[in-house]
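**Student:** Structure in structure tokens, see below.
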Amino acid sequence: MNGTINGSINLVGYGLSAIGGAIGVGLVFAAYINGVARQPEAQRVLQPIAFLGLALTEALAILGLVFAFVLK
Amino acid sequence: MIALTLPAQEGGSFNPPGVNSHLAPLFTIGDFEFTKQMLLVLLSVALISWFFVAAARQGKLVPGKLQFAGEVGYNFVRNSVAKDVIGGKDFMKYVPLLFSLFFFILINNIYGAIPLIQLPSFSHVGGAYFLAALVYVIWIGVGIKANGLRYLKLAVVPSGVPWYILPLVVPIEIISNFLVRPMTHSLRLFATMLAGHLIVLIAGSGIEFLIMQESVLMKGASVLVLAGSIAMYMLEALIMVLQAYVFVLLTAIYIEGAVHADTH
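Protein chains in written order, with numbering that gives the first Met the number 0: chain F, 0 to 71; chain Y, 0 to 263.
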């Protein structure tokens, strides 16, 4: 295997699929920042909701990472 | 792209370290392999207990430097995680759990940013699985204790949903609450630590590979890799702290959801 870079092409696919999760997380936090900027006293109410949204959205990206390593 | 295609012309292959490159165990007792991660976990327990015992020993009204640092750490977990999220009268019950989880994960993550150690313990998935399983058992136990066996119904049947949508919603809730939740809780910590660790490794071996090439362009590219890897290292240091916070915050959110399941 001279003159080549070895690795799994799966990870390229994972990189593409992570775009979806990235956009989702961006939307969650954009909404959170917007809400806090408009109504700073709502921060304590919004924070758990924002992080729960982050957890659910990020789940997709994490599952993608696992499948990238597991699937051959 | 140039950096990727150039090695092909030069000849000689670049094998980046991947998920299958493990450190050799430090020593073995029978089949049991004592690895560097285990040593680091034990070290973290010693470090944390030494620090907080030393910080709390004096207990002065006007704190010294060490006591002040300990109090700031404790206050952070108690007020901005436990009190803000769980709230009510009974949040103090969960502070010891959240507090020890936060500092255990924080120290084990920070290992990745310390030169010569450079190995976050949770870049091996076993420890992350165990912590998430512990939290999983605790929040289900707390939910059953607070609401009785009715909790299992409350957790999967959202209130205010018309009955004809329930066959669709209940399976989704079961999957997302009881299967995906503990899995992502552990894998989030593990995946971020693994990725950060791998980036440092790949950058290191990439620099070594590039600097060994004959062309001046390739040697120059290694400087770019070095600059990029320092930026990634700084980002990783931020993520290490953030992931400890996120793990503990999610633990608090899950416990709060279990305690107040009837109001959700």
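Ideal Cβ positions, reconstructed from N, Cα and C, are used throughout, including at glycine.
Keep in mind that this is a model prediction, so the values were computed, not measured.
On the DSSP bridge assignment, give the partners of Thr27 (chain Y) in chain order.
**Tutor:** Looking at the DSSP assignment, Thr27 (chain Y) forms a beta bridge with Y:Glu32.
**Student:** Where Gln117 (chain Y) and Ile173 (chain Y) are concerned, what is the direct C-alpha to C-alpha distance, given to the nearest angstrom?
**Tutor:** So the two alpha carbons sit approximately 39 Å from each other.
**Student:** How should Ile1 (chain Y) be labelled, buried or exposed, when 16 other C-beta atoms within 10 angstroms of its C-beta is the threshold for buried?
**Tutor:** Any reading at Ile1 (chain Y) needs caution, since the residue's pLDDT is 40, under 50, leaving its predicted position unreliable; the model's value is listed next. Label assigned to Ile1 (chain Y): exposed.
**Student:** Out of curiosity, what's the CA-to-CA distance linking Phe208 (chain Y) and Phe13 (chain Y)?
**Tutor:** Cα-Cα distance, rounded: 7 Å.
**Student:** By the DSSP assignment, the alpha helix (DSSP H) with Phe101 (chain Y) in it spans what residues?
**Tutor:** Residues Val94 to Ile109.
**Student:** Just how far apart, CA to CA, sit Gly195 (chain Y) and Gly63 (chain Y)?
**Tutor:** Using only the alpha carbons, I get a separation of about 36 Å.
**Student:** For Ile113 (chain Y) and Leu133 (chain Y), what's the separation of their Cα atoms in angstroms?
**Tutor:** Between Ile113 (chain Y) and Leu133 (chain Y), the C-alpha separation is close to 28 Å.
**Student:** May I have the straight-line CA-CA distance separating Leu237 (chain Y) from Val71 (chain Y), to the nearest angstrom?
**Tutor:** Between Leu237 (chain Y) and Val71 (chain Y), the C-alpha separation is close to 19 Å.
**Student:** Can you name the start and end residues of the alpha helix (DSSP H) that Tyr253 (chain Y) belongs to?
**Tutor:** Unbroken alpha helix (DSSP H) run through Tyr253 (chain Y): Val215 to Val258.
**Student:** Report yes or no: is there a C-beta of chain Y within less than 9 Å of the C-beta of Leu53 (chain F)?
**Tutor:** Yes, Leu53 (chain F) lies at the interface with chain Y (some Cβ there is under 9 Å from its Cβ).
**Student:** Kindly give me the distance between the Cβ atoms of Val169 (chain Y) and Val155 (chain Y), rounded to whole angstroms, as I take these residues to be in contact under 8 Å.
**Tutor:** That pair is a contact at about 5 Å.
**Student:** Tell me whether Met91 (chain Y) is buried or exposed, calling it buried when 16 or more other Cβ atoms sit within 10 Å of its Cβ.
**Tutor:** Exposed.
**Student:** Cβ of Trp138 (chain Y) within 9 Å of Cβ of Gly227 (chain Y)?
**Tutor:** No, the pair does not count as a contact, with Cβ atoms beyond the cut-off.
**Student:** So, is His266 (chain Y) buried or exposed, given that buried needs 16 or more other C-beta atoms within 10 angstroms?
**Tutor:** With chain Y covering only 0 through 263, there is no way to say anything about residue 266 (chain Y).
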